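So the structure is just underneath, and the comments pick up after that.
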Amino acid sequence: MPANSTSADSAAVNQLRGELRVSEAFLAKYNRPGPRYTSYPTAPIWNDAFGPVDLESVHEEANRAGSPVSLYMHIPFCESLCLFCACNVIIQKNKDVAPPYLSVLRQEIHRVSESVSRDREVVQLHWGGGTPTYLTPPQIADLFGYTRELFTFAPDAEIGIEVDPRVTTPAHLEVLRRLGFNRLSMGVQDFHPEVQQAIHRLQPFELTRDLIASARELGFDSINVDLIYGLPYQSPERFAHTVDQIISLAPDRIALFSYAHVPWLKKQQGAFAAHLPAGMQKFDIFRTGLAQFLDAGYLYIGMDHFAKPGDELAVAQQQRTLHRNFQGYTTKSGADLYGMGVTAISGIQNAYAQNHRELRNWEAAVAERGIATMRGYRLSADDRLRRAVISRLLCHTVIFKDEISREFGVNFDEYFADALQKLRGAREDGLLTESAREIRATGLGRIFIRNLAMAFDPYLEKQQLDAQPLFSKTL
Ligand SMILES: C[S@@+](CC[C@H](N)C(=O)[O-])C[C@H]1O[C@@H](n2cnc3c(N)ncnc32)[C@H](O)[C@@H]1O
Ligand code: SF4
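Numbered as in our numbering, the sequence shown ends at 1155 without a single skipped number.
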């Protein structure tokens, strides 16, 4: 048992192990397409009736509210395509594409900054992709310096970036640290050579190990590693080795994503479809990784996230201040998220907005009025209530009925009679407990939390009538 575990912790781990002994029939019932709820309502519900003018009025509302600010910038480029990838990427070996992209991005940043009062502090900035370290160190310094000039940063702002160890040099890390970046998120996925070959991502263990060591020396506060279970040629034994290797590197956080197989959106995923572990096999891989991380002293935050005890995510979960947004779990609840760059998403006050997904359209929209909204959504009162319920379930794993009733002026049991009815089966299957006071996910329910959240989402019924699948499976 690791030094920081207590016997209560290990009892909880053992109980979870017991709960995870599920049948094929159970998996067949619960492993079905479902949203990851990085927003509610989910993106397929947003529509193009919401445009730049609507976003501008939402910007004004946010300024009046004076809420803290979170900035997201999307750098879509990667040098080569990983075949499993479901992100919004542009594969381009020729790096001449970066300067024109950055020039448009600067225009958008400038326009957005005009809508954000300097009295409002930026508490979080995140660069995602694609691969932000596709940019050279001078390009990174230039883009970040420009952003800092236009916004007011909180002294303890969380400043993070996604890095692909295969294209990230010590010079990149040095410049990032010097600029004030304090969080790194690294893609690893799996270390097994056969898996790496199948997904077209050759990334030796030593490369990741050395990058993490350099990041530690430079003093980054928090290092996250992304892994994926359910990739082609993975087995529980093989994945256990990857997890052991990761544990030896002691990252602060781990994202253990379920492989999202969405070949109708990403054709290249078809290349290895015949070699994917499915059903119980895929669940076994997850179960193995989960047990290893728990045994190593990590806490299971929820859905796909683990953190060391004492990490802000773990503390936020205990204090019920954890929040979920497009980057997954975050400690910055209450901040308005301004997304910039092609495809970027904003979540501001009671609205969502997404930028154009085609590079040319995004460029043209920024040139025209600086705001590049392609579609969006304003939440109704019912949406806001359901968003709060789903968010609490996903972040705190418990919904206190009275709290919701008081905040929204409803009677929880009456308002959600339909959802509670839908959850009856899940309760019988051991995914949750319900009392007059609360609905609480069990250990098993925390793994299948998306299924529980789906009961509160009335849009799904209509979406599932559509022939085209919209979401990956919940496991
Ligand atoms: C936008 S990528 C950024 C990281 C960086 N480009 C890299 O690859 O190292 C963020 C993460 O999304 C995850 N991801 C991408 N496609 C996925 C899929 N189909 N299923 C599950 N996770 C996926 C990967 O774990 C990846 O590290
Ligand atoms: S996983 Fe990362 S590097 Fe690979 S294609 Fe996706 S965004 Fe690019």
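Built from N, CA and C at the ideal position, the CB exists for glycine as well. The structure displayed is predicted, hence computed values, not measured ones.
Per DSSP, the bridge partner or partners of residue i
i     : result
A1031 : I1028 and R1058
Q972  : None; Q972 has no bridge partner.
N727  : G1056
Y1018 : L751
H1003 : T1010
W807  : M753 and I841
D906  : G867 and A935
K1153 : P713
R626  : The question about residue 626 has no answer here: the residues shown for the chain are numbered 681 through 1155.
H985  : A935 and G982
V802  : V749 and F833
I770  : F757
Same chain, Cβ closer than 7 Å to residue i, five either side skipped, listed in chain order
i     : result
F706  : D1109
V855  : P817, I820 and A821
N684  : Residue placement at N684 is flagged as unreliable, the pLDDT there being 49, under the threshold of 50; a coordinate-derived value is accordingly withheld.
R889  : L929
R697  : A971
H1036 : V1022, W1042, A1045, A1052 and M1054
H955  : A878, P912 and Y913
F1092 : K1081, I1084 and S1085
Within 8 Å, strictly: CB atoms of residue i and residue j
i     : j     : result
L1017 : N1005 : yes
W1042 : A1033 : no
G810  : F730  : no
F1136 : R1066 : yes
N727  : Y1057 : yes
G882  : Y909  : The displayed chain sequence assigns Leu, not Gly, to residue 882. Cβ distance not < 8 Å, so L882 and Y909 don't count as in contact.
K988  : Q804  : no
S894  : R933  : no
V802  : V875  : no
A878  : Y826  : no
H1003 : L993  : no
G860  : I841  : no
A920  : Q972  : yes
H949  : F764  : Residue identity check: residue 949 is Gln in the sequence provided, not His. Yes, Cβ-Cβ distance for Q949 and F764 is below 8 Å.
I1070 : Y717  : yes
A1024 : Y752  : yes
A1061 : I1084 : no
G808  : R857  : no
E941  : C762  : Before going further, note that residue 941 is His rather than Glu in the sequence given. In this structure, C762 does not lie closer than 8 Å to H941 by Cβ.
R918  : H872  : yes
V905  : I927  : no
Y720  : D1063 : yes
Own chain residues within Cβ distance below 6 Å of residue i, not counting five before or after
i     : result
D964  : P916
V693  : L974
I1028 : V738, A742 and D1016
L1145 : Because the pLDDT at L1145 is just 49, under 50, the model does not fix this residue reliably, and the value given afterwards should be weighed accordingly. Nothing listed; no residue qualifies.
P715  : T722 and F1151
I1211 : Outside the shown range of the chain (681 to 1155) lies residue 1211, about which nothing can therefore be said.
K946  : A766
A1019 : For clarity, residue 1019 is Gly in the given sequence; the question names Ala instead. So the qualifying residues of the chain are Y752, I1025 and S1026.
8 Å CB neighbourhood of residue i in its chain, flanking five on each side removed
i     : result
R851  : Here residue 851 turns out to be Ala, not Arg, going by the sequence shown. P817.
L1112 : L1103, A1106, I1119, R1120, A1121, T1122, G1125 and L1132
L1156 : Since the first residue shown for the chain is 681 and the last is 1155, residue 1156 is missing from the structure and cannot be characterised.
A778  : F757, Y814, L815, T816 and Q819
L887  : P845 and R846
Residue i beta carbon near ligand 4 (any heavy atom closer than 7 Å)
i    : result
D906 : Looking for ligand 4 in the displayed structure turns up nothing; the ligands present are ligand 1 and ligand 2.
Closer than 6 Å between the C-beta and any heavy atom of ligand 2: which residues qualify, listed along the chain? C758, L761, C762, C765, C767, V769, G809, G810, T811, D844 and G867
Do the stretch 746–761 and the stretch 966–979 make contact, defined as three or more Cβ pairs closer than 8 Å? no
Determine, using beta-carbon pairs with one atom in the stretch 840–851 and one in the stretch 860–871, whether at least three such pairs fall under 8 Å. yes
Check whether the stretch 789–798 and the stretch 826–838 touch, using three or more Cβ-Cβ pairs below 8 Å as the test. yes
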